[in-house]
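*Asks:*
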Amino acid sequence: MIGKVVKFIVKCICWFVIASVFVVLVLKWCPVYLTPLMLIRSFEQKQEGKNIVMEHDWVAIDQISRNLQLAVICSEDQNFTEHNGFDIEAIEKAYENNQKGKRIRGGSTISQQTAKNVFLWPSRSWLRKGLKTYFTFLIELFWSKERILEVYLNSIEMGDGIYGAEAAATFWFNTPTENLSKTQAAAIAAILPNPRKMTAHPASAYIQNRINWITRQMGYYGKLELK
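Mapping of the sequence shown onto numbering that gives the first Met the number 0: position 108 corresponds to residue 107, and the numbering continues sequentially without gaps.
(1) What's the gap between the Cα of PHE170 and the Cα of LEU126?
(2) From what residue to what residue does the beta strand (DSSP E) around GLU156 run?
(3) In chain order, what residues of the same chain have a beta carbon less than 7 Å from the beta carbon of SER110, not counting five sequence neighbours either side?
(4) Given this structure, state the Cα-to-Cα distance separating LYS6 from ILE12, to the nearest angstrom.
(5) How would you label CYS227, buried or exposed, when you count the other beta carbons within 10 angstroms and need 16 or more for buried?
(6) Can you tell me whether DSSP reads GLU54 as helix, strand or coil?
(7) Pull up the distance between the alpha-carbon of VAL4 and that of LYS115, whole angstroms please.
(8) How many Å lie between LYS196 and ASP159 at the Cα?
(9) Judging by CA-CA distance, which residue of ASN208, PRO192, THR198, ALA188 is the nearest neighbour of SER64?
(10) Using CA atoms only, rank isn't needed, just tell me which of ALA18, LEU179, HIS82, ALA199 is closest to ASN66.
(11) Determine the burial state of PHE42: buried for a count of at least 16 other Cβ atoms within 10 Å of its Cβ, exposed for fewer.
(12) Quick one: measure Cβ to Cβ for GLN62 and THR176, integer angstroms, because I've assumed they're closer than 8 Å.
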């Protein structure tokens, strides 16, 4: 009996690995039009009696402002082009601050955030952490850094019911994403820690301080090279 259970579990794991690798390979080339997070947020809006808002328009990375690409890297993950999906130094700092009881945003990289947003659900559990690590490994293995950033910028929340760069640029600044200025791009990047509560425009004093910090980092960072 135990042998049959073990055999069944091994089969399930094998099929999960095969299916997940297949999906990751498909999404290496295909646009991501819908994510679990978008569906869950829509369900939450309906449950709360709100109008369902899900604004999302996929655009290729060469149509996304270089200002926005650089702004999110400077804001969220300045070692993005160098690490293999996991920024050990950032994780250690996050752990140390947690131990001290300080409020932090965490040490997740852009690769980890992409894996979470595209393949998983928005909750905290050891299962999700394990799966996030697994999917981060897969996208770093099969996708280029440029593809990871493209999917990230097209999938993440950038407002309440606003997903991706094109929808965010239109919603916040009434302009296509390719036309975003450095300041506008920094404003969108500034709200990413809590995009359903923060506003890119008009900016609060707190967001303006973040915009100023991000634009300075963009100046220090130099030319963005993706492979």
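Even glycine gets a Cβ: it sits at the ideal position worked out from N, Cα and C. All values reported here derive from a predicted model rather than from experimental measurement.
*Replies:* Per the coordinate set shown:
(1) 35 Å
(2) 156-158
(3) GLY84, THR135, ILE138, GLU139, ILE147
(4) 10 Å
(5) Nothing about residue 227 can be read from this structure; the chain reaches only from 0 to 226.
(6) strand
(7) 30 Å
(8) 8 Å
(9) ALA188
(10) LEU179
(11) exposed
(12) 7 Å
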